[in-house]
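Remarks on the structure that follows.
10 protein chains.
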Amino acid sequence: MDVAIPDGIDPDVLAETIATEKAYSQELQRGGEWAHIWRCVGEYSNISIFDVADNDRLHEILWGLPLFKWMTCEVTALATHPSDIALLAPSAG
Amino acid sequence: MDVAIPDGIDPDVLAETIATEKAYSQELQRGGEWAHIWRCVGEYSNISIFDVADNDRLHEILWGLPLFKWMTCEVTALATHPSDIALLAPSAG
Amino acid sequence: MDVAIPDGIDPDVLAETIATEKAYSQELQRGGEWAHIWRCVGEYSNISIFDVADNDRLHEILWGLPLFKWMTCEVTALATHPSDIALLAPSAG
Amino acid sequence: MDVAIPDGIDPDVLAETIATEKAYSQELQRGGEWAHIWRCVGEYSNISIFDVADNDRLHEILWGLPLFKWMTCEVTALATHPSDIALLAPSAG
Amino acid sequence: MDVAIPDGIDPDVLAETIATEKAYSQELQRGGEWAHIWRCVGEYSNISIFDVADNDRLHEILWGLPLFKWMTCEVTALATHPSDIALLAPSAG
Amino acid sequence: MDVAIPDGIDPDVLAETIATEKAYSQELQRGGEWAHIWRCVGEYSNISIFDVADNDRLHEILWGLPLFKWMTCEVTALATHPSDIALLAPSAG
Amino acid sequence: MDVAIPDGIDPDVLAETIATEKAYSQELQRGGEWAHIWRCVGEYSNISIFDVADNDRLHEILWGLPLFKWMTCEVTALATHPSDIALLAPSAG
Amino acid sequence: MDVAIPDGIDPDVLAETIATEKAYSQELQRGGEWAHIWRCVGEYSNISIFDVADNDRLHEILWGLPLFKWMTCEVTALATHPSDIALLAPSAG
Amino acid sequence: MDVAIPDGIDPDVLAETIATEKAYSQELQRGGEWAHIWRCVGEYSNISIFDVADNDRLHEILWGLPLFKWMTCEVTALATHPSDIALLAPSAG
Amino acid sequence: MDVAIPDGIDPDVLAETIATEKAYSQELQRGGEWAHIWRCVGEYSNISIFDVADNDRLHEILWGLPLFKWMTCEVTALATHPSDIALLAPSAG
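Residue numbers (this note's numbering), protein chains in the order written: chain S, 1221 to 1313; chain X, 1221 to 1313; chain A, 1221 to 1313; chain U, 1221 to 1313; chain P, 1221 to 1313; chain Y, 1221 to 1313; chain H, 1221 to 1313; chain E, 1221 to 1313; chain W, 1221 to 1313; chain B, 1221 to 1313.
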């Protein structure tokens, strides 16, 4: 997710939007659907891992991001890796 | 990490190399340096997250992969994201 | 899915692999998971639509393709489009 | 089809244009020329399949999209795939 | 259409294939389906214009090229341009 | 030739420029220098073939296009193809 | 780091921002974290080498650049090279 | 060197800048540092060859171009080619 | 023009081909059609300027290069630049 | 500089070539022309800074690398950056 905020945005509107974005993300992190988030060094962008029921739910989450209109998202479908040690646990999910 | 195994490799050598690769990865996962691994759907490649002391250690791990000679790796430097809820915990790392 | 068959493959092995591939695809089409398949004009490649339970199942299908080792796959996550007339039907899925 | 709506568009004009776009798409879906439409997850874009008489008709449809001036379209020519099970039916089209 | 002939091909086989390719192309040119062909300067590739009934026929023509297995084709769907003076003629096709 | 018309252009100025562009193109088509023009399906762009004395003349034609300032042109040098049936005619040009 | 300053910036604000940027860079160079800086010939961009404690610190430095909002940064993780003669010194770091 | 002049520039300012640019280029051509200049057909760009003392001087020349702020430059380091017939002359430079 | 010589070429054949290539290039340089040649630093490639009658002649020259089968050529059409001081001379060509 | 060593190279020849490469690099480092070398994490490639008299000398160094035939080099021309603190020293070079 790359964010490109156009010049000339009202600073108050921008600050409020970023605060709303943070709250939105943290609520989904607490709910477990937004599993991980990292900042890409030197960029206004992040790499996130989502654990959701299906593609429709993922699109709903991304489309609902307060900063969505200034974002470019790239989605990579991920699956369980056969070397993941979570598969070795008694009750691997 | 994309893997491209050339045609004509001896199947026994290949099977052994893949087994060694899996053991190598799982040992580092248990040690905590190889934090996450996911399979990219429809590709012989993975997306992994490493939590290592420095760049020299990361290179040592990747260079030591039994399949390294047939791999193409792309490394993205990641940092803590300000929205990460781990930062809200009493003792965030 | 692009297919690149290396020169020097035994023609009998190749013919058999292509036949197995076709049977594999048609069985999944009949089962409904491989929803659509089209040929890209002028290329040894196709565009297909899959309707599967989750990413693990999709990877299992693609990884199991008899021609997988000579293929390059690119997966795009798709969701229901709000303009799709299927949503207007009494019992849209 | 990617849509990029410039900042500063009058919200009423935009809402009306999107509504017109939806009606335009659904009429063509009902007529059978716009065979499929899916949303690309996390993007303001779609992948659609058209079943039209010729290239002139396809261009006429796309050029007539109410959102065309803010769109980037990429057209891939598709043909029947020899593995398509529709070819096995008594009267395949 | 780019052609990349691998090293090590038997020269006689190659010469015969190129001769067959030329005859194949010229027959389609005479039939009117292969409307134009130009050489890209400094490359073993060409730009061609086809005037065919539909995508299935175009794929059949390209797939049947004797050099197809060593080619990379890129197909661009073309339509009548509104500025084309052919549209001004009494019986424009 | 891709055309990207910026938002906010006066509609009358735009309509007049497009009309001038069409007249300019048709005059050169009648003169034989602008040999072919096709519309790329789903894009505000065209593929054209020019038959001109030299590069200076080609640049003069393109630079003189009324829409040139909003265009991106990509020029591919073309030569006669040895399979072109025009070479078989008694007086091939 | 590429810099793209939008047209229409107040020249005084710009001059002051560039001066602040220079002071910011030189302070970090003196502190040793910004190890090297070179200008890319013919571009408003630079290639720099940073020697920092971790990725969080590197992101903090880049994010804090006065010109950051007009920059595009690309970060490449570097490690010690086995051929580096610094490794041959009595107390290589 | 590609030039992209934004819409809305005052035509007088633009005309004067282009004239200054031309004089600047011609002075350097006469001095021998700007060895060659060609127009890329159909583009507002050129390919130039510079023969300068070092990279600092080349950057100074490019940075000083009156149109520099609207340009994108790509610099390729060139060296003497062993097949160059200038090397065969009695006093090759 | 990039050259990529495959491993396993007989060294004598290679040395002879390179010598033939050099002679071929120098003859065309003496004739004036191969106006300039430079080596790209750090690459087995060159940038050359040709001054030929037309595209057919340019293709004939490039296609005839002894190393052509291992080359990738990219041709850019160039025209006279309006700032070129050669235009100021009494008898500019 | 990326290195891609083809499968099937004799291991002894390879080991010797890598050793020669290391000695070659270290001699140039001691002489000051090869100013810096870093390993790109996770890749068989490096980023190096050269401080040489001119482009001909740089090409001579790179072309002479024992691994050159398996390398892909990308050269970026660098100049002194106006923010470099070396310029503030009494006798900046």
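No residue lacks a Cβ here, since even glycine has one placed at the ideal position from N, Cα and C.
Since this is a predicted model, take the numbers as computed values, not measurements.
Endpoints, alpha helix (DSSP H) assigned at A/Ala1238: Counted from its first residue, the third sequence places residue 1238 of chain A at position 18. In the sequence under discussion, the amino acid at residue 1238 of chain A is Ile, which differs from the Ala named in the question. Counting along the chain, the alpha helix (DSSP H) containing A/Ile1238 begins and ends at 1231 to 1251.
According to DSSP, W/Cys1293 sits in a beta bridge with which residue or residues? Residue mapping note: residue 1293 of chain W aligns to position 73 of the ninth sequence, counting from 1. Paired residue(s): none; W/Cys1293 is not in a bridge.
Could you give the residue range of the beta strand (DSSP E) that holds S/Leu1298? On the first sequence, residue 1298 of chain S is found 78 positions in, with the first residue counted as 1. Here the beta strand (DSSP E) through S/Leu1298 covers 1298 to 1300.
Between W/Asn1266 and chain Y, is any beta-carbon pair separated by less than 8 Å? On the ninth sequence, position 46 is the one that residue 1266 of chain W refers to. With 8 Å as the cut-off, W/Asn1266 does not count as an interface residue toward chain Y.
With a cut-off of 8 Å on the beta carbons, I'd call U/Leu1278 and P/Ala1297 a contact; round off their distance for me. Translated into positions along the fourth sequence, residue 1278 of chain U becomes position 58. Translated into positions along the fifth sequence, residue 1297 of chain P becomes position 77. Contact flag correct, Cβ pair sits at about 7 Å.
Buried or exposed for P/Arg1259, please, with buried defined as at least 16 other CB atoms from any protein chain shown within 10 angstroms of its CB. For the purposes of this step, residue 1259 of chain P is identified with residue 39 of the fifth sequence, where counting begins at 1. With at least 16 other beta carbons inside 10 angstroms of its own, P/Arg1259 counts as buried.
So H/Glu1263 packs on H/Ile1281, CB below 8 Å; how close in whole Å? Numbered from 1 along the seventh sequence, position 43 holds the residue referred to as residue 1263 of chain H. Numbered from 1 along the seventh sequence, position 61 holds the residue referred to as residue 1281 of chain H. With 8 Å as the limit, H/Glu1263 and H/Ile1281 do not qualify as a contact, their Cβ atoms being about 21 Å apart.
Segment limits, alpha helix (DSSP H) that includes E/Ile1281: Within the eighth sequence, residue 1281 of chain E is the residue found at index 61, counting from 1. Unbroken alpha helix (DSSP H) run through E/Ile1281: 1275 to 1283.
Bridge partner(s) assigned by DSSP for H/Phe1270: Taking the seventh sequence and counting its residues from 1, one reaches residue 1270 of chain H at position 50. Beta-bridge pairing links H/Phe1270 to H/Trp1254.
In whole angstroms, what separates the C-alpha of P/Ser1303 from that of P/Arg1250? To locate residue 1303 of chain P, count along the fifth sequence from 1; it is residue 83. To locate residue 1250 of chain P, count along the fifth sequence from 1; it is residue 30. Their backbone Cα atoms lie some 27 Å apart in a straight line.
Cβ shell of H/Asp1276 (< 7 Å), same chain only, five flanking positions each side left out: Counting from 1 along the seventh sequence, the entry for residue 1276 of chain H is found at position 56. Contacts found: none.
Between the beta-carbon of U/Ser1265 and the beta-carbon of U/Ile1257, is there less than 8 Å? Residue numbering aside, residue 1265 of chain U sits at position 45 when the fourth sequence is read from its first letter. Residue numbering aside, residue 1257 of chain U sits at position 37 when the fourth sequence is read from its first letter. Cβ atoms of U/Ser1265 and U/Ile1257: not closer than 8 Å.
Just mark W/Ala1299 as buried or exposed, buried being the case when its beta carbon has 16 or more other beta carbons within 10 Å. Within the ninth sequence, residue 1299 of chain W is the residue found at index 79, counting from 1. The C-beta of W/Ala1299 has 16 or more other C-beta atoms within 10 Å across all chains shown, which makes the residue buried.
Of the choices H/Trp1283, H/Pro1286, H/Ala1255, whose alpha-carbon is the least far from that of H/Asp1271? In the seventh sequence, the residue the question calls residue 1271 of chain H occupies position 51. Looking at the Cα atoms, H/Ala1255 is the closest of the given residues.
Can you grab the Cα-Cα spacing for the pair A/Thr1237 / A/Leu1287, in whole Å? Start at 1 with the first residue of the third sequence, and residue 1237 of chain A comes out as number 17. Start at 1 with the first residue of the third sequence, and residue 1287 of chain A comes out as number 67. Each residue's alpha carbon lies about 7 Å from the other.
Can you find a CB in chain S that lies within less than 8 Å of the CB of A/Leu1287? For this step, residue 1287 of chain A is matched to residue 67 along the third sequence. The beta carbon of A/Leu1287 does not come within 8 Å of any beta carbon belonging to chain S, so the residue lies off that interface.
Taking buried to mean at least 16 other C-beta atoms within 10 Å of its own C-beta, is W/Ala1312 buried or exposed? Here residue 1312 of chain W refers to the residue found at position 92 of the ninth sequence. At W/Ala1312, the pLDDT of 40 sits below 50, so the modelled position is not reliable; the number obtained from the coordinates is stated separately. W/Ala1312 counts as exposed, since fewer than 16 other beta carbons sit within 10 angstroms of its beta carbon.
Around the Cβ of X/Leu1307, are there at least 16 other Cβ atoms within 10 angstroms (buried) or fewer (exposed)? Locating residue 1307 of chain X in the second sequence gives position 87, counting from the first residue. Under this definition X/Leu1307 is an exposed residue.
Closer than 6 Å by C-beta to U/Ile1305: which residues in its own chain qualify, once you throw out the five before and the five after it? Chain order, please. Residue mapping note: residue 1305 of chain U aligns to position 85 of the fourth sequence, counting from 1. Here the set comprises nothing.
Closest by C-alpha distance to B/Thr1240, when choosing among B/Trp1290, B/Leu1285, B/Thr1292, B/Met1291: Translated into the one-based positions of the tenth sequence, residue 1240 of chain B becomes position 20. Nearest option by C-alpha distance: B/Leu1285.
Where P/Cys1260 meets chain A, residues with beta-carbon distance less than 8 Å: In the fifth sequence, residue 1260 of chain P corresponds to position 40, counting from 1. Below the 8 Å Cβ cutoff, chain A contributes no neighbours of P/Cys1260, its closest Cβ being approximately 16 Å away.
Report the rounded CA-to-CA distance for E/Trp1283 versus X/Ala1243, giving the unit in angstroms. For this step, residue 1283 of chain E is matched to residue 63 along the eighth sequence. For this step, residue 1243 of chain X is matched to residue 23 along the second sequence. Looking at the two C-alpha atoms, the distance is approximately 55 Å.
List the whole-angstrom C-beta distance separating B/Val1261 from X/Val1295, where the pair is believed to meet the contact cut-off of C-beta under 8 Å. Position 41 of the tenth sequence, counting from 1, holds the residue named residue 1261 of chain B. Position 75 of the second sequence, counting from 1, holds the residue named residue 1295 of chain X. Between X/Val1295 and B/Val1261 the Cβ distance is about 5 Å, and since that is below 8 Å, they are a contact.
Taking 7 Å as the cut-off, is the CB of H/Leu1298 close to at least one heavy atom of the ligand FMN? For the ligand FMN, the structure offers nothing, since it holds no ligand at all.
Under 8 Å between C-beta atoms, does H/Glu1241 make it to chain E? The sequence position of residue 1241 of chain H within the seventh sequence is 21, counting from 1. Cβ-Cβ to chain E under 8 Å: no for H/Glu1241.
Near-chain W residues of the region 1268 to 1299 of chain B (beta-carbon distance less than 7 Å), N- to C-terminal order: For the region 1268 to 1299 of chain B, which is checked against every Cβ of chain W, the residues closer than 7 Å are Asn1275, Leu1278, His1279, Leu1282, Cys1293, Val1295.
Can you name the residues of chain P whose CB is closer than 9 Å to the CB of A/Glu1236? As a position in the third sequence, residue 1236 of chain A is number 16, starting the count at 1. What A/Glu1236 touches in chain P, judged by beta-carbon distance under 9 Å, is nothing: the nearest beta carbon there is about 18 Å away.
Could you check whether the Cβ of W/Ile1316 sits closer than 8 Å to any Cβ belonging to chain E? Not covered by the structure: residue 1316 of chain W. The range shown for chain W is 1221 to 1313.
Measure the alpha-carbon distance for Y/Asp1274 versus W/His1301 and round it to whole angstroms. Taking the first residue of the sixth sequence as 1, we reach residue 1274 of chain Y at position 54. Taking the first residue of the ninth sequence as 1, we reach residue 1301 of chain W at position 81. For Y/Asp1274 and W/His1301, the distance between alpha carbons rounds to 14 Å.
Return no unless some Cβ of chain P is closer than 8 Å to the Cβ of A/Glu1253. Indexing the third sequence from 1 puts residue 1253 of chain A at position 33. No, no contact with chain P.
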